[in-house]
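Sequential numbering from 1 applies to the sequence shown in full-length UniProt numbering. Virtual Cβ for every residue (Gly too), placed ideally from N, Cα, C. Since the model is a prediction, treat every value here as computed from it, not as a measurement.
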Amino acid sequence: MERPPLLWFEEARRMKRIRCAIYTRKSSEDGLEQDFNSLDAQREACEAYVASQRHEGWELLPNHYDDGGISGGHLERPALQRLMEAVDAKQVDQIVVYKIDRLTRSLSDFAKLVDRLDQAEASFVSVTQSFNTATSMGRLTLNVLLSFAQFEREVTAERIRDKIAASKRKGLWMGGNVPLGYEPDGRTLSINHAEAETILTLYGLYEEWGAMRLVQEAAGRLQLRSKQRRAPDGGLRGGKIMSRGQLHHILTNPIYAGRIRHKGQVFEGQHSAIIDPERWDALQDQLSGKAAKPRLSKQHRDPSLLAGKIIDEAGERLTPSHAQKGKTRYRYYISQKLVTGVTQADEKQRTWRIPALVLEGAIANAVQKRIGQLSAAANIQKFPGTETQIPDAREALEVVERVRIAPGKLTINLNAKRAQKPVGAELECDPDDLTLELPFTERRRGVEMKIIVGEGPANVDQVLVENVALANQWYRQLKDGLSYEAIALEAGTSKRRVQQLVDLAFLAPDIVREIVNGTQPLGLTSDWCLRHELPAEWKAQRQRITTL
1 MERPPLLWFE EARRMKRIRC AIYTRKSSED GLEQDFNSLD AQREACEAYV
51 ASQRHEGWEL LPNHYDDGGI SGGHLERPAL QRLMEAVDAK QVDQIVVYKI
101 DRLTRSLSDF AKLVDRLDQA EASFVSVTQS FNTATSMGRL TLNVLLSFAQ
151 FEREVTAERI RDKIAASKRK GLWMGGNVPL GYEPDGRTLS INHAEAETIL
201 TLYGLYEEWG AMRLVQEAAG RLQLRSKQRR APDGGLRGGK IMSRGQLHHI
251 LTNPIYAGRI RHKGQVFEGQ HSAIIDPERW DALQDQLSGK AAKPRLSKQH
301 RDPSLLAGKI IDEAGERLTP SHAQKGKTRY RYYISQKLVT GVTQADEKQR
351 TWRIPALVLE GAIANAVQKR IGQLSAAANI QKFPGTETQI PDAREALEVV
401 ERVRIAPGKL TINLNAKRAQ KPVGAELECD PDDLTLELPF TERRRGVEMK
451 IIVGEGPANV DQVLVENVAL ANQWYRQLKD GLSYEAIALE AGTSKRRVQQ
501 LVDLAFLAPD IVREIVNGTQ PLGLTSDWCL RHELPAEWKA QRQRITTL
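1) Within 10 Å of its beta-carbon, does Phe506 have 16 or more other beta-carbons around it, so buried, or fewer, so exposed?
2) Apart from the five residues on each side of it in sequence, which residues of its chain come closer than 8 Å, Cβ to Cβ, to Gly72?
3) Taking the beta carbon of Asp285 as the centre, do at least 16 other beta carbons fall within 10 Å, making it buried, or is it exposed?
4) Could you pull out every unbroken alpha helix (DSSP H) segment of at least 4 residues lying fully inside the segment 134-178, listed in chain order?
5) Give me whichever residues DSSP pairs with His322 in a beta bridge.
6) Considering Asp185, what are the terminal residues of the alpha helix (DSSP H) in which it resides?
7) Using 8 Å as the threshold, is the segment 27-46 in touch with the segment 54-73, meaning 3 or more CB pairs across them?
8) Quick check on DSSP: helix, strand or coil for Thr201?
9) Would you list the one or two residues that DSSP bridges to Tyr98?
10) Do Val367 and Val400 have their C-beta atoms within less than 8 Å of each other?
11) Nearest to Lys16 by CA position, among Cys46, Gln53 and Leu39, is which residue?
12) Hey, would you say Thr141 sits closer than 8 Å to Lys99, going by beta carbons?
13) If you follow the beta strand (DSSP E) that Val516 is part of, which residue opens it and which one closes it?
14) Please report the residue range of the beta strand (DSSP E) in which Ala469 lies.
15) On the DSSP bridge assignment, give the partners of Gln265 in chain order.
16) If I measure Cβ to Cβ from Glu195 and keep anything under 7 Å in the same chain, skipping five residues before and after, which residues do I get?
17) Can you grab the Cα-Cα spacing for the pair Glu537 / Leu32, in whole Å?
18) Report the option in Met137, Trp474, Ala41 and Asn517 whose CA atom is closest to the CA atom of Arg497.
19) Do Ala419 and Ile371 have their C-beta atoms within less than 8 Å of each other?
20) Does the Cβ of Phe440 have 16 or more other Cβ atoms within 10 Å, making it buried, or fewer, making it exposed?
21) Give the straight-line distance between the Cα atoms of Gly326 and Val155, rounded to the nearest whole angstrom.
22) Using three-state DSSP, classify Ser243 as helix, strand or coil.
23) If we count Cβ pairs, one from each stretch, closer than 8 Å, do we get three or more for the segment 273-283 versus the segment 251-260?
24) Can you tell me whether Lys382 is helix, strand or coil according to DSSP?
25) On a CA-only basis, which of Arg225, Trp173 and Thr525 is nearest Leu202? Give me that one, please.
26) Nearest CA to the CA of Thr546: which residue from Leu501, Thr435, Ala406 and Glu466?
27) Look up Arg230 in the DSSP assignment and say whether it is helix, strand or coil.
28) Is the separation between the beta-carbon of Leu438 and that of Leu410 shorter than 8 Å?
29) Straight-line CA distance for Thr493 to Gly235?
30) Check whether the Cβ atoms of Val463 and Ile515 lie closer than 8 Å to each other.
31) Which of the three DSSP states is assigned to Gly68 in this structure?
32) For Trp58, write down the residues that DSSP places opposite it in a beta bridge.
33) Based on Cα-Cα distance, which residue from Pro535, Thr198, Arg169 and Ser321 lies nearest to Thr188?
34) Smallest Cα separation from Arg531: which of Asp503, Val178 and Trp173?
35) Do Leu436 and Leu470 have their beta-carbon atoms positioned less than 8 Å apart in this structure?
36) On the CB-based measure, 16 or more other CB atoms within 10 Å of its CB, does Asp35 come out buried or exposed?
Given below as structure tokens:
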């Protein structure tokens, strides 16, 4: 029996109004300039879906929330942030997306979004994927979809990295900041002859003077400037007198010899060389010869064996220094800026003051182990009485070609020829075997720094271990349908604490292993985790944590 028209009208009038906002996203900027692009197609499908639900009280809001050319691997998206602000202000009842991965491709980010939606009594719907999050099967389906979305994003990133590596092995230019002296020309570089004159002059100056300080002074007098680039905001960058670090980078960059460098390996490039390769190789020998001379003075009973070999992330060399307290002499390796004075232009660059004994001991120990491994692998005669060890630390440090220090990591390059001396035979090994990486943690007190190089002793933080276990337990309960309030009531704690700790369930597996084994950075504590928001991506988590 049909309902009377008047009764149907009264029911429609009493029907709850559901305000709908459409969110669209596209990872790349390709095609966004077209009259009808992917964002328009997503919005059209979502508008049709909202129209089909008009009988349920759905009403489309006029605001557009479109993120073009932005990855779904994070929440730093302008349109999404505007949308969530509208949700928090209870101006939106329903978010409509074409597919769930348009909203996010990260499980941890999704959990945060759902929590904000629950607090605002709002929800979301996917036009092309139907599931009911009120049931355990619906939540499982949603988690599987998000897991595959995150997996797809990570696999795509791996493919891009592999493609870049393969292209560089073929000598192709794969983008980035164009070096002084060149201009981009498709997948290769063409010589900018005006800038190439600057490069030739700099190489000539070093061949003549043989000292970076003198080259910097001469370059300043000649007004030799860095490459000027146009920034994304339209402003100009560069075009300034070059620092010593910039000069060192130019003089050691194989790009000028017609080569391409990738992750410590050098390949023949498809671009023309500005500097003759033989001349470039000779200058590298000249540079390493300067760097390999330790300061040996009759006044120094403890010579700085790594003098001239340590550089920071900007290419600036660290210089030996010492302090005297009573009869005790303390040696350090310090940044040049602490000697010459930090200029206003250098304020953003960090400075180093590293205890020499700790650094030299850790590096010598690592070199001894590596040479021992190479000895055993080559099946050559072992060192008398010491098996696979180099006889002493001094000889181990002489094998070191270069030490590059960056926050959380030491990269040590060994000299193949010098390594043959302690081994007593010719070494045949992969170039990667002559490169070592040592992690370290640091604690600052003013400009001075205490460092712990290598893995160090286990330091199990029981509170942090228990909190990680709790976070995983609570996350499983959330997936089973329990609310934050119910979990907090059962655990005898506050809802806010549950919300804070549950993020620890999304830590990368290797970080969790470090926490359990007590080898995590000293700064990674429960208190730090509660005060800071960790990124969703595991790679970004590792980068953040290594600086603690």
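The relevant details are as follows:
1) buried
2) Arg25, Ser27, Asp101, Arg102, Leu103, Thr104, Arg105, Ser106, Ala149 and Arg153
3) exposed
4) 136-169
5) Arg331
6) Premise fails: Asp185 lies in the beta strand (DSSP E), Tyr182 to Asp185, not in any alpha helix (DSSP H).
7) Counting Cβ pairs under 8 Å, three or more are found: they touch.
8) Looking at Thr201 - three-state DSSP - the assignment turns out to be helix.
9) According to DSSP, Tyr98 bridges with nothing at all.
10) Yes, Cβ-Cβ distance for Val367 and Val400 is below 8 Å.
11) Gln53
12) no
13) No beta strand (DSSP E) contains Val516, which is instead part of the alpha helix (DSSP H) from Pro509 to Asn517.
14) Per DSSP, Ala469 belongs to no beta strand (DSSP E); it is in the alpha helix (DSSP H), Gln462 to Lys479.
15) His262
16) Leu180, Gly181 and Lys227
17) Distance between the alpha carbons of Glu537 and Leu32: 27 Å.
18) Of the listed residues, the one whose Cα sits closest to Arg497 is Trp474.
19) With respect to the 8 Å criterion, Ala419 and Ile371 are classified as neighbours on the basis of their beta carbons.
20) buried
21) Taking C-alpha positions only, Gly326 is separated from Val155 by approximately 59 Å.
22) coil
23) yes
24) Reliability fails at Lys382, whose pLDDT of 46 lies under 50, so the model's placement of it is uncertain and no value is given.
25) The option with the nearest alpha carbon to Leu202 is Arg225.
26) Ala406
27) strand
28) yes
29) 52 Å
30) no
31) strand
32) Ile18
33) Arg169
34) Asp503
35) No, Cβ-Cβ distance for Leu470 and Leu436 is not below 8 Å.
36) exposed
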